[in-house]
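Residue numbers (this note's numbering), protein chains in the order written: chain V, 26 to 395; chain Z, 26 to 395; chain F, 26 to 395; chain E, 26 to 395.
Here a beta-carbon is modelled for each residue, glycine too, at the ideal position from N, C-alpha and C.
Protein chains: 4
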Amino acid sequence: VQWPPKSELYILRSDGHSCTRETVQPSGNLQFACPSSQQQLLVWKTRPRRVMVLKKLGDELLEEYIDVLRFLGEDLGLSVVVEPHDYAVLSGLCMKWVDTYAEHDLDQLHSFVDFIVCLGGDGLLLHAASLFGPALPPIISFKLGSLGFLTTHNYADYQRHLHNIVYGCRELESCQLVSSDDEMPLRGVHITLRMRLCCEIWRQGGTAPAETFEVLNEVVLSRGANPYLSKIEVYEHDQLITKVQADGVMLATPTGSTAYNVAAGGSMVHPSVPAILLTPICPHSLNFRPVILPDYVELELRISPDARCPAVVQFDGRDGRELQQGDSIRVRMSPNPVPTINNADQTTDWFGAIQRCFQWSERVEQLPID
Amino acid sequence: VQWPPKSELYILRSDGHSCTRETVQPSGNLQFACPSSQQQLLVWKTRPRRVMVLKKLGDELLEEYIDVLRFLGEDLGLSVVVEPHDYAVLSGLCMKWVDTYAEHDLDQLHSFVDFIVCLGGDGLLLHAASLFGPALPPIISFKLGSLGFLTTHNYADYQRHLHNIVYGCRELESCQLVSSDDEMPLRGVHITLRMRLCCEIWRQGGTAPAETFEVLNEVVLSRGANPYLSKIEVYEHDQLITKVQADGVMLATPTGSTAYNVAAGGSMVHPSVPAILLTPICPHSLNFRPVILPDYVELELRISPDARCPAVVQFDGRDGRELQQGDSIRVRMSPNPVPTINNADQTTDWFGAIQRCFQWSERVEQLPID
Amino acid sequence: VQWPPKSELYILRSDGHSCTRETVQPSGNLQFACPSSQQQLLVWKTRPRRVMVLKKLGDELLEEYIDVLRFLGEDLGLSVVVEPHDYAVLSGLCMKWVDTYAEHDLDQLHSFVDFIVCLGGDGLLLHAASLFGPALPPIISFKLGSLGFLTTHNYADYQRHLHNIVYGCRELESCQLVSSDDEMPLRGVHITLRMRLCCEIWRQGGTAPAETFEVLNEVVLSRGANPYLSKIEVYEHDQLITKVQADGVMLATPTGSTAYNVAAGGSMVHPSVPAILLTPICPHSLNFRPVILPDYVELELRISPDARCPAVVQFDGRDGRELQQGDSIRVRMSPNPVPTINNADQTTDWFGAIQRCFQWSERVEQLPID
Amino acid sequence: VQWPPKSELYILRSDGHSCTRETVQPSGNLQFACPSSQQQLLVWKTRPRRVMVLKKLGDELLEEYIDVLRFLGEDLGLSVVVEPHDYAVLSGLCMKWVDTYAEHDLDQLHSFVDFIVCLGGDGLLLHAASLFGPALPPIISFKLGSLGFLTTHNYADYQRHLHNIVYGCRELESCQLVSSDDEMPLRGVHITLRMRLCCEIWRQGGTAPAETFEVLNEVVLSRGANPYLSKIEVYEHDQLITKVQADGVMLATPTGSTAYNVAAGGSMVHPSVPAILLTPICPHSLNFRPVILPDYVELELRISPDARCPAVVQFDGRDGRELQQGDSIRVRMSPNPVPTINNADQTTDWFGAIQRCFQWSERVEQLPID
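See the structure below:
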């Protein structure tokens, strides 16, 4: 063949950002340079100095709580922050490295706290997120409450786990990003940055959102106690995608994929997959299968003007609000992740969690077909 | 509060690459800089000059074929390449801009062809992928065969669609990547880079893969016509994840999520989501739900040494091979995408396809509950 | 072999009734004598004389209503009963064969009405059932409202259909039950006797049911608008079967299997199958699959004493009542069927309905796998 | 109201049999007289004298086998029949009450054997069914192999269970069928008469079935190892119901509902429900939901003349046969049940089995939603 070589081309993101994964090789061929998602390490530039410790309400875990506070202060030499109601309990124990804060300082807390230790269940982690708002420091969560997806660390090994966070336990193989003459050696711990959804309630005719919520698991629009099905219009970037007649519709994060989503028949999605799940709840059409959308979608769920009933929206199972005909919620990926420190690594932790919580793919003994 | 500010930190990929999405702000807070996936544009640096046109076998589409060849050569001034067997049919039609190639030049074709036009169904697109191997130019696929997911363009508008590819039809809003004094204006067409899976067959005791395949839809390991269930071990990065007793197990791409995967009960995944789907086929455990994994996983499906039968592996529904006890397939994301040109954009095209092919979420008329 | 013959045996129902289907042959072998369910005919012993005609609320169907009244009175010579509010509309039309009734005669209506004609949708049929209570005459339901499962007859052919009910249209092949010298020839129409469920609300500590309902579709116990899952104990004949944590639990009839049940993931059950469906709604256990139980079960759904919230029970989507911890509903097959006249026969009508309402098993065009 | 009473009517089965469940009351109202299915007792008219004992192949259970043979002969005074290959093993043990049979007497065995004892798993029970053909005596099956649905009796209590079969353990409350002056008191054991399906293979153009099989679990028509989907036409009483494009289609009994059917997504059906299950395997239409049909249906699954491949039919997972385009299988309820003796009663045994085999509705610990 004696033809001229083919033309050169760009692959560009339509919003002008660079396409980091998709590359055009010198030969002009298209390639993926690397996976778009990957295991991540948290590496301290300077040693962390202040840690916040949260405890489930009640006196049940008081002993473990005090052990952890002592280890953090005496062994690791850290300053510790606790919630005011917990601080009261500690008076007389003479732990001078423990401090608390005033309510009006709550919104500056994120500037001073290097990481958070949770002693409780998944609910306590949601509480931590609500304390800090958008700028949430890394969290380590110990299994001390009911079975949870996010409480990956055994309390029995708490000293090793806490030491690992401060000093790191995994060497970075190679890194072109960080110069080796830094003060700290390049050791870190695996961390998962969990996506949240930013949800706005829009009232019909309004020009601004009436309220805004961030959810870690899911936002659900449903008929609640109304006798009739919700009639919900689904838009993506203001384009009508479908009309749904169902008990409800859910938008979930990968983290939430193993919560209510799995009860509604959705698939389980690893938290490293950058995606938003659209899952119907008891749809009255046989062919409304769950769909999994990229993280750049901007979705709107609107109560159809001809719906027979209002609907109810819930954020992570709480904060129920009624929506009237014509009202809607707008949902997009939040820029503010929930960073959770891993036990082993992201994949091992996740498969462990779905086996622990669902006996995923397990069976006492296999039934022979014949 | 009069505390010192918190420590600075890095978020690093454990393989040393940069974390392009996850950023540490000057304040030390963690944020997602942008969605990890995004709409993409194909923008030519220099005008394309050579196009390949593929046609479904048989004379059925001969008229449309010749119309397209004429338009490409006479109106758009492009050189056209066709397959040898099609070239024979054109003799006497005096289209001097049409050329063909010798079999032994097949592996250089990718260096000369700017884009590909398919007149047929989804099967023809798979044929194009097999002609070119890893380095596949962008493809536009016209709906002229049976209903398909990938044939997004109406033939009736072929002139407009082909003109748009060459000259672009969407302005890039802003771009810090490409200087504006380039020869070409910054106009392009939406394009989807579809992930493929790289699949290796490993025979027990072997030190290298026995065979390698790339699939666009899915790889399936199943019992085939054997009376007994497959007993399959699933590994991720050499770590045992689960043992499955089922008719089979499938690993699918997002593109393949709407093919065999949906028949097996899997969710539909948008092709911009960088993920690999692990879907069981008729599992004998009630709690083996489909899971969706990040694109960095490296999976191995191994026939359990104590399986009662061998198994069969198929690649995109073809190339069946028998696997004995201890044999396995190793699967990871391929660096070589299948680039398909969009009609509207990625999201509109995809929702259109699932409605066209599955009547997704539609119902003739809603049944009132009472 | 020179052995003595085996012993004789009985197969008896444990409640002392005869086993009509299961027989012991003279040889001592066990056999099913016949299917337990079968196509049924309605055959009049004496010609029917009085028919009730029900119409959907509003004036929309007034013209069809009057046409039907005229045909029944003038052509078929029947007396017609209508609801009082419809009777008022007819004044001045001089149809002397039309009569109405006083409210206090409502509970005797079933002694005088031979059959019922419904002009409307499935909702009107439920209204008819509520008018008559337990003793419901056969109903013919014309498709004049929204799409329904029970409205099997086309209005266009109303004269033929109504004639067929009165005079019969299908000869009985042979019958050992009815002597041939009866006044009427043995012709009839196919009829389906649809099972209802008898549902009692029991308040904790009560010695008698607080309320009783009969449902044609389903009874649903759910969390309603409560934020927490229902925790429901399921008993059969006072024996604990399972504890369920879910959005709710439904008990449905075969008729109801294609209503809410199918939205919750249940199977479609033909109305001739004598069964009760136990279907979870969004269960939080992956392995709570729907189960289909025989019609002799006596089920109780009890709100667990340690449930975090009360629950809501609904009967055919209406009559919501709140249940507190310890309250329960007891459900068993009702002796009072809803008899609906068939268009063709039971199986043809049913497959027709699931195709009409769900496009069951249909697809615009099949997607080739490759 | 001063109207004449309504007309009298019959409800007749269209095949001339009586309608045993549906009754017309003297008032003319329709009622169900009783549930159509019910718990059943096996009651001996004369004491059983001869029992057959089957054992799983191999020496593994030899000790238990001999214990059972001794108890039956010495304690219960029964004659025992064993298979010839087992008889050989017993020589020298001097159990004179044990006998065997010649191969050519196999088809008379059912006339002499009062009941069968199985020591093994579900597979052994299928073996018993194949030994006896249509006229199968009642079977008691002890749990001594892998986990099974039909092996309901614990071996530890074998003496009590075997005594109960011979002497009965449950009094019949009242019975209008059996006079009380019979030789035997009215005591029995619960028994389940399990439906089988009679399946005929019809070759295109044939005038008689090519082969006939009886299945206890299911008959499956599938693509086997063929690359293309099966295209299967489904007929009921020679009327086309639907065309299916799928990996396969299954017809299952209620007994089989918890075997392959549940893996394909079907519901679990109690064995007292007289029904036949039509379940698709990986259908390529989103709205082909499983359906449950009455026991009087006569189904035909025909390979479509325009199918791209032949198909494979399997009976209880065995006896694979290839079907060409135009060939079909015809399936209806068999008159010959498989009678299995219950441990507790039908409902307790069944819920026990689905919990034992599937952990139905169980979960280690419930995950709180928040």
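**Proximal residues, the stretch 148-162 of chain V versus chain Z, C-beta separation under 9 Å** = Listed by position, the residues of the stretch 148-162 of chain V near chain Z (Cβ gap below 9 Å) are Pro159, Ala160, Leu161, Pro162.
**Prompt:** In chain order, which beta strand (DSSP E) runs of at least 3 residues are fully inside the stretch 339-395 of chain E?
**Reply:** The stretch 339-395 of chain E contains these whole beta strand (DSSP E) runs: 343-348, 353-358, 363-366.
**Prompt:** Taking any Cβ of chain F, which residues in the stretch 302-317 of chain V have a Cβ under 7 Å from it, in chain order?
**Reply:** From the stretch 302-317 of chain V, only Ile306, Cys307, Pro308, His309, Leu311 have a Cβ closer than 7 Å to chain F.
**Prompt:** Do you know whose CA, among V:Asp139, V:Met293, V:Ile317, V:Val214, lies nearest Pro29 of chain Z's CA?
**Reply:** For this step, residue 29 of chain Z is matched to residue 4 along the second sequence. Of the listed residues, the one whose Cα sits closest to Pro29 of chain Z is V:Asp139.
**Residue span of the beta strand (DSSP E) that contains Arg75 of chain F, given as start and end** = Counting from one through the third sequence, the residue named residue 75 of chain F turns up at place 50. Unbroken beta strand (DSSP E) run through Arg75 of chain F: 75-80.
**Request:** Return the chain-ordered list of same chain residues with a C-beta closer than 8 Å to the C-beta of Val105 of chain F, the five sequence neighbours on each side being excluded.
**Result:** Position 80 of the third sequence, counted from the first residue, corresponds to residue 105 of chain F. Non-local beta-carbon contacts of Val105 of chain F in its own chain, meaning distances under 8 Å to residues more than five positions away in sequence, involve Arg75, Val76, Met77, Val78, Leu94, Leu97, Gly98, Met120, Trp122, Val123, Asp124 in chain order.
**Beta-carbon gap between Thr365 of chain Z and Ile190 of chain Z smaller than 8 Å** = By one-based count along the second sequence, residue 365 of chain Z stands at place 340. By one-based count along the second sequence, residue 190 of chain Z stands at place 165. Result no, Cβ atoms of Thr365 of chain Z and Ile190 of chain Z do not sit closer than 8 Å.
**Burial state of Ala233 of chain E, where buried means 16 or more other Cβ atoms lie within 10 Å** = Within the fourth sequence, residue 233 of chain E is the residue found at index 208, counting from 1. By the neighbour-count definition (other C-beta atoms within 10 Å, threshold 16), Ala233 of chain E is an exposed residue.
**Prompt:** Since Glu261 of chain E and Glu347 of chain E are thought to touch, with beta carbons under 8 Å apart, how far apart are those beta carbons, to the nearest angstrom?
**Reply:** Translated into the one-based positions of the fourth sequence, residue 261 of chain E becomes position 236. Translated into the one-based positions of the fourth sequence, residue 347 of chain E becomes position 322. With a contact defined as Cβ atoms closer than 8 Å, Glu261 of chain E and Glu347 of chain E miss out at about 25 Å.
**Item:** Terminal residues of the beta strand (DSSP E) in which Phe57 of chain F lies
**Value:** Stepping through the third sequence from its first residue, residue 57 of chain F is reached at position 32. Looking at the DSSP string, the run of the beta strand (DSSP E) that includes Phe57 of chain F is 55-57.
**Item:** Beta-carbon separation (whole angstroms), His215 of chain V vs Asn367 of chain V, contact threshold 8 Å
**Value:** Translated into positions along the first sequence, residue 215 of chain V becomes position 190. Translated into positions along the first sequence, residue 367 of chain V becomes position 342. With a contact defined as Cβ atoms closer than 8 Å, His215 of chain V and Asn367 of chain V qualify at about 4 Å.
**Asked** So what does Val138 of chain F bridge to, in DSSP terms?
**Response** Looking up residue 138 of chain F in the third sequence gives position 113. According to DSSP, Val138 of chain F shares a beta bridge with no other residue.
**Prompt:** Quick one: what's Gln270 of chain Z bridged to in DSSP?
**Reply:** Here residue 270 of chain Z corresponds to residue number 245 of the second sequence, with the count starting at 1. In the DSSP assignment, Gln270 of chain Z is bridged to Z:Lys256.
**Request:** Measuring only between beta-carbons, confirm whether Ala300 of chain V sits less than 8 Å from chain Z.
**Result:** Along the first sequence, one-based indexing puts residue 300 of chain V at 275. Yes, Ala300 of chain V counts as interfacial toward chain Z.
**Coil, strand or helix - Asn189 of chain E by DSSP** = Position 164 of the fourth sequence holds residue 189 of chain E. Look at Asn189 of chain E here: in three-state DSSP terms it is helix.
**Item:** Helix, strand or coil at Asp124 of chain Z [DSSP, three-state]
**Value:** What you label residue 124 of chain Z is simply residue 99 of the second sequence in a count that begins at 1. The DSSP-derived three-state label of Asp124 of chain Z is strand.
**Asked** Does Pro279 of chain F come within less than 8 Å of chain V when only Cβ atoms are used?
**Response** Counted from its first residue, the third sequence places residue 279 of chain F at position 254. Residue contact with chain V for Pro279 of chain F: absent (no Cβ-Cβ distance below 8 Å to any residue of chain V).
**Buried/exposed call for Thr280 of chain V, threshold 16 Cβ in 10 Å** = The residue you call residue 280 of chain V lines up with position 255 of the first sequence. Classification for Thr280 of chain V: buried.
**Item:** Under 7 Å from the C-beta of Trp69 of chain E: neighbouring residues of chain F
**Value:** Taking the first residue of the fourth sequence as position 1, residue 69 of chain E is located at position 44. The contact set of Trp69 of chain E on chain F, defined by CB atoms closer than 7 Å, consists of Ser32, Leu34 in chain order.
**Item:** Spatial neighbours of Gln270 of chain F in its chain, beta-carbon cut-off 6 Å, leaving aside the 5 residues before and after
**Value:** For the purposes of this step, residue 270 of chain F is taken as residue 245 along the third sequence, with counting starting at 1. Closer than 6 Å at the Cβ level, and outside the excluded window around Gln270 of chain F, lie Leu254, Lys256, His309.
**Request:** Output the distance between the C-alpha atoms of Ile394 of chain V and Gly145 of chain E, rounded to the nearest integer angstrom.
**Result:** As a first step, residue 394 of chain V must be located in the first sequence, where it is residue number 369. As a first step, residue 145 of chain E must be located in the fourth sequence, where it is residue number 120. Any reading at Ile394 of chain V needs caution, since the residue's pLDDT is 34, under 50, leaving its predicted position unreliable; the model's value is listed next. So the alpha carbons of these two residues sit roughly 15 Å apart.
**Item:** Endpoints, alpha helix (DSSP H) assigned at Gly231 of chain Z
**Value:** Within the second sequence, the letter at position 206 stands for residue 231 of chain Z. That residue, Gly231 of chain Z, is in no alpha helix (DSSP H); it is neither H nor E in DSSP.
**Asked** Using CA coordinates, which residue listed in F:Asp341, F:Asp344, F:Ala336 is at the minimum distance from Asp352 of chain F?
**Response** Here the question's residue 352 of chain F lines up with position 327 in the third sequence. Comparing Cα-Cα distances from Asp352 of chain F to each of F:Asp341, F:Asp344, F:Ala336, the minimum goes to F:Ala336.
**Request:** Would you verify that the beta carbon of Met275 of chain V is, or is not, closer than 8 Å to some beta carbon of chain Z?
**Result:** Your numbering for residue 275 of chain V matches position 250 in the first sequence. Not an interface residue.
**Item:** Spatial distance of Tyr90 of chain V from Lys80 of chain V (CA atoms)
**Value:** Here the question's residue 90 of chain V lines up with position 65 in the first sequence. Here the question's residue 80 of chain V lines up with position 55 in the first sequence. Cα to Cα, the separation comes out at about 7 Å.
**Message:** Just to make sure I have the definition right: I need the residues of chain Z whose C-beta is within less than 8 Å of the C-beta of Gly249 of chain V. Which are they?
**Reply:** Within the first sequence, the letter at position 224 stands for residue 249 of chain V. Under a criterion of Cβ atoms nearer than 8 Å, no residue of chain Z is adjacent to Gly249 of chain V; the nearest Cβ is some 15 Å distant.
**Request:** Would you grab the beta carbon distance between Ala154 of chain F and Val356 of chain F for me? Rounded to a whole angstrom, and I think it's under 8 Å.
**Result:** As a position in the third sequence, residue 154 of chain F is number 129, starting the count at 1. As a position in the third sequence, residue 356 of chain F is number 331, starting the count at 1. Ala154 of chain F to Val356 of chain F, Cβ: 17 Å. No contact.
**Request:** Have a look at the DSSP bridge pairing and note the partners of Trp69 of chain Z.
**Result:** In the second sequence, the residue the question calls residue 69 of chain Z occupies position 44. Answer is V:Leu34.
**Request:** With distances taken Cα to Cα, identify the nearest neighbour of Leu66 of chain Z among V:Thr283, V:Val49, V:Phe157.
**Result:** The residue you call residue 66 of chain Z lines up with position 41 of the second sequence. Comparing alpha-carbon positions, the option among V:Thr283, V:Val49, V:Phe157 lying closest to Leu66 of chain Z turns out to be V:Val49.
**Prompt:** Does Ala369 of chain V get closer than 8 Å to chain F when you measure Cβ to Cβ?
**Reply:** The residue you call residue 369 of chain V lines up with position 344 of the first sequence. No, because no Cβ of chain F sits closer than 8 Å to the Cβ of Ala369 of chain V.
**Prompt:** Is it a yes or a no for the stretch 325-335 of chain E touching the stretch 179-194 of chain E, going by three-plus beta-carbon pairs under 8 Å?
**Reply:** With contact defined as three or more Cβ pairs closer than 8 Å, the stretch 325-335 of chain E and the stretch 179-194 of chain E are not in contact.
**Asked** In angstroms, rounded to a whole number, what distance separates the CA positions of Ile36 of chain Z and Ala378 of chain V?
**Response** The residue you call residue 36 of chain Z lines up with position 11 of the second sequence. The residue you call residue 378 of chain V lines up with position 353 of the first sequence. Cα-Cα distance, rounded: 24 Å.
**Item:** Beta-carbon separation (whole angstroms), Leu278 of chain E vs Glu243 of chain E, contact threshold 8 Å
**Value:** By one-based count along the fourth sequence, residue 278 of chain E stands at place 253. By one-based count along the fourth sequence, residue 243 of chain E stands at place 218. Per the sequence shown, residue 278 of chain E should be read as Thr rather than Leu. So it is a contact: roughly 7 Å between Cβ atoms.
**Asked** Comparing the C-beta of Asn54 of chain F with each C-beta of chain E, is any distance below 8 Å?
**Response** Within the third sequence, residue 54 of chain F is the residue found at index 29, counting from 1. So, interface residue.
**Three-state secondary structure assigned by DSSP to Phe238 of chain E** = Indexing the fourth sequence from 1 puts residue 238 of chain E at position 213. If DSSP states are grouped into helix, strand and coil, Phe238 of chain E belongs with the strands.
**Asked** Going straight from the alpha carbon of Arg221 of chain Z to that of Gln56 of chain V, what length do you get?
**Response** Indexing the second sequence from 1 puts residue 221 of chain Z at position 196. Indexing the first sequence from 1 puts residue 56 of chain V at position 31. Answer to the nearest angstrom: the Cα atoms are 11 Å apart.
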